[in-house]
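Protein chains in written order, with our numbering: chain C, 1 to 209; chain Z, 1001 to 1168.
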């Protein structure tokens, strides 16, 4: 390598599904494909403030998987053990309705992140994730991410900072909604009167049955 | 104002910050500002925007939360190393509470951009704060969702509350 040439970090595409990404230590070669992977991750919100080196550090503990349409990647109620970054394909997010039917609430495609809270809490999945087309994902398990966190990896903490923003924004939205209801009671009285009547009718119907 | 080594000695006693190298503390303190608060001084009020996160060094603060009309929750902070307005380390969110010093107090304020630089440099104090915030934020979101669920799960009770608010 020429003295003025930057050391190139190696990033090899995976050999097969479910395998760890094969990335030898610094000093190897990083090809055009590898730059493509880094660029893809830079386009993903959760990773967009990570340097190429930091993205590679995270990818070292990620696994790449390809799932045919119909595969359930995560099931509502199961322990959240991994986050998925969709490189290519499409997944449906489904939630069980009160009647017990699965309702599709969203479709997510290339560059979307699913189940990111698995990196910080192992609480049950709040929705199921099913591939609706052949889908290629990067799977980052909570356990592997924890190992980065224990090593005080800056890359891991930058991702956690992004997750904090997501959590904080979510909290703010819910609290703003509560404020809106209580600060403008006249706008909501009719809605809650209707909901109260519907609930009373439902209870009466259930008791009748 | 307290000298830096004294601030470090005080903050290192908090469980969040146990065992941290004084050098990391020095970097963290240099990135922020030591703020003196007078009794009755309002540190921030509901509706204002966060510009920084704070670590209490000494003194006593009162934080008042009114989650909805008629309900008032008061918390006092007096333990050195306690975080307040902690979302301000991360982003400029609007305050939802009012914070007042109830005696002469000292706090360390760190702006979010400076905090971000500390994370980028792997400063252990900043990383420990992120660990703490993750636990807090997860609980906060759960609590907020639970409150919203209660509003919709008991529409009769919500209706009575809204009618009472309307009446006056």
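Just so it is clear, CB atoms sit at the ideal spot from N, CA and C, and this is done for glycine as well.
Quantities reported herein were computed from a predicted structural model and do not represent experimental measurements.
Close to residue 199 of chain C, with beta-carbon spacing below 8 angstroms, are these residues of chain Z in chain order: 1155 and 1156. Residues of the segment 153 to 177 of chain C with a C-beta less than 7 angstroms from any C-beta of chain Z: 154, 157, 158, 160, 161, 164, 165, 167, 168, 170, 171, 172, 174, 175 and 177, listed in chain order.
At a cut-off of 8 angstroms between beta carbons, residue 1091 of chain Z contacts chain C. DSSP places residue 1078 of chain Z in the coil class of the three-state scheme, outside both helix and strand. In this chain, residue 1058 of chain Z is not harboured by any alpha helix (DSSP H); it is covered by the beta strand (DSSP E) spanning 1052 to 1058. Residue 196 of chain C belongs to the set of residues whose beta carbon lies under 8 angstroms from a beta carbon in chain Z. A Cβ-Cβ separation of about 5 angstroms places residue 1109 of chain Z in contact with residue 1035 of chain Z under the 8 angstroms criterion. Going by DSSP, residue 1164 of chain Z is part of the alpha helix (DSSP H) stretching over 1155 to 1167. Residues of chain C with a Cβ closer than 7 angstroms to the Cβ of residue 1144 of chain Z are, in chain order, 171, 174 and 175.
For residue 1053 of chain Z, the closest Cβ of chain C is not nearer than 8 angstroms. Following the DSSP letters along the chain, one finds residue 120 of chain C in no beta strand (DSSP E), marked with neither H nor E. Note on residue 173 of chain C: under 16 other CB atoms within 10 angstroms of its CB, so exposed under the neighbour-count rule.
Under the 8 angstroms Cβ criterion, the segment 1059 to 1066 of chain Z does not count as touching the segment 1006 to 1015 of chain Z, having fewer than three qualifying pairs.
Spatial neighbours of residue 141 of chain C in its own chain (CB-CB distance under 7 angstroms, excluding positions within 5 residues in sequence) are listed in chain order as 81 and 82. Per DSSP, the continuous alpha helix (DSSP H) segment holding residue 166 of chain C begins and ends at 154 to 183.
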